[in-house]
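Read top to bottom, the protein sequences are chains A and B. When we follow the working numbering, the leftmost residue of the first sequence carries the number 25, and every step to the right adds one. When we follow the working numbering, the leftmost residue of the second sequence carries the number 251, and every step to the right adds one. For each residue, glycine too, the CB sits at the ideal point set by N, CA and C. What follows is a single structure, written as structure tokens, with notes after it.
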Amino acid sequence: MAEEEAEEQQRFSYQQRLRAAVHYTVAALCQEVASDKGMPFSKQSVAAVSEVTFRQCENFAKDLEMFARHARRSTINTEDVKLLARRSNSLLKYITEKSEEIAQFNTEQKAKKKKKLEEGNKTLEAAEVVESES
Amino acid sequence: MEGSGTGFRKELVSKLLHLHFKNDKTKVSGDVLQLTAELLRIFTMEAPVHRVWQAQAEDAVQVGVEQLEKVLPQLLLDF
Numbered sequence: 025m026a027e028e029e030a031e032e033q034q035r036f037s038y039q040q041r042l043r044a045a046v047h048y049t050v051a052a053l054c055q056e057v058a059s060d061k062g063m064p065f066s067k068q069s070v071a072a073v074s075e076v077t078f079r080q081c082e083n084f085a086k087d088l089e090m091f092a093r094h095a096r097r098s099t100i101n102t103e104d105v106k107l108l109a110r111r112s113n114s115l116l117k118y119i120t121e122k123s124e125e126i127a128q129f130n131t132e133q134k135a136k137k138k139k140k141l142e143e144g145n146k147t148l149e150a151a152e153v154v155e156s157e158s
Numbered sequence: 251m252e253g254s255g256t257g258f259r260k261e262l263v264s265k266l267l268h269l270h271f272k273n274d275k276t277k278v279s280g281d282v283l284q285l286t287a288e289l290l291r292i293f294t295m296e297a298p299v300h301r302v303w304q305a306q307a308e309d310a311v312q313v314g315v316e317q318l319e320k321v322l323p324q325l326l327l328d329f
């Protein structure tokens, strides 16, 4: 019984920590908007937005999991996220563009890494050749 | 890559998602984390921007909870 309680306590404190992290990010974003528009936000309203975001995360997570399961996958991919943004046309367009951008960025990054690795191997080989010659 | 610099960190998004998954075997790819972070950023940015409009329409000096109450239904219907 006590063990169960302790577990529950731990779970709660973990959630509170995540909540704090969300609050931090939301406050930074609100600050950005506030300074952009020249209108301050009250503290309670920032807290309210962060709470809404935290709860919305639950919806997102459950939806994503369901979408993946419906497609008989255990890994969530970008198609599922696109489906999540289906309700608003402009949002869907933006998310699709962003997804392509991210995919392109990642393939470029991978290509760069590969190239670097190859170059590293070449210099290593060259060094070995020099060493064996001397 | 990221427009303004501030946004949700990948690690946080990953932990938030895994907190709510029912099946522990569910996996998430890196691209998805980035995209979900962007989606969350839009979601959070949308609320303040709408509220500023609402506050301006009401000639309010500060944006408070009342404006959030007014724009929240619209916001939740869009996501």
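What first and last residue would you give for the alpha helix (DSSP H) that runs through MET90 (chain A)? 67-94
Decide if PRO298 (chain B) is buried, meaning its Cβ has at least 16 other Cβ atoms within 10 Å, or exposed. buried
Can you list, in chain order, the residues of its chain with a C-beta nearer than 6 Å to that of GLN304 (chain B)? Leave out the 5 residues immediately preceding and following it. GLN317, LYS320, VAL321
Around the Cβ of GLN284 (chain B), are there at least 16 other Cβ atoms within 10 angstroms (buried) or fewer (exposed)? buried
Tell me whether the beta-carbon of THR102 (chain A) lies closer than 9 Å to the beta-carbon of ASP274 (chain B). no
Which whole-angstrom value describes the C-beta separation of VAL313 (chain B) and SER69 (chain A), a residue pair presumed to lie in contact below a C-beta threshold of 8 Å? 6 Å
GLY253 (chain B) versus ALA150 (chain A) - alpha carbon distance: At GLY253 (chain B) the pLDDT is 44, less than 50, meaning the model places this residue with poor confidence; the figure from the coordinates comes in the next sentence. Those two C-alpha atoms are separated by around 42 Å.
Less than 7 Å between C-beta atoms, sequence neighbours within five positions excluded: which residues of the same chain meet that for VAL302 (chain B)? VAL313
For THR77 (chain A), collect the residues of the same chain with a Cβ closer than 8 Å to its Cβ; drop the 5 residues on either side in sequence, then sort them by chain order. VAL46, VAL50
Drop a sphere of 10 angstroms on the beta-carbon of VAL105 (chain A), count the other beta-carbons inside from all chains shown, and report buried for 16 or more, exposed for fewer. buried
Residue(s) in a DSSP beta bridge with VAL313 (chain B): A:PHE65
With the cut-off set at 9 Å, would you say VAL73 (chain A) and THR294 (chain B) are in Cβ contact? yes
Residue range of the alpha helix (DSSP H) that MET295 (chain B) falls in? 280-307
For a contact defined as C-beta to C-beta under 8 Å, what are the partners of THR99 (chain A) on chain B? THR276, LYS277, VAL278, SER279
What span of residues does the alpha helix (DSSP H) with THR102 (chain A) cover, start to end? 102-108
What is the rounded straight-line gap between the Cα of GLU28 (chain A) and the Cα of SER37 (chain A)? 14 Å
Please state whether the Cβ-Cβ distance between THR99 (chain A) and THR276 (chain B) is less than 9 Å. yes
Between B:GLU261, B:GLU308, B:LEU289, which lies nearest to LEU88 (chain A) when the distance is taken from Cα to Cα? B:LEU289
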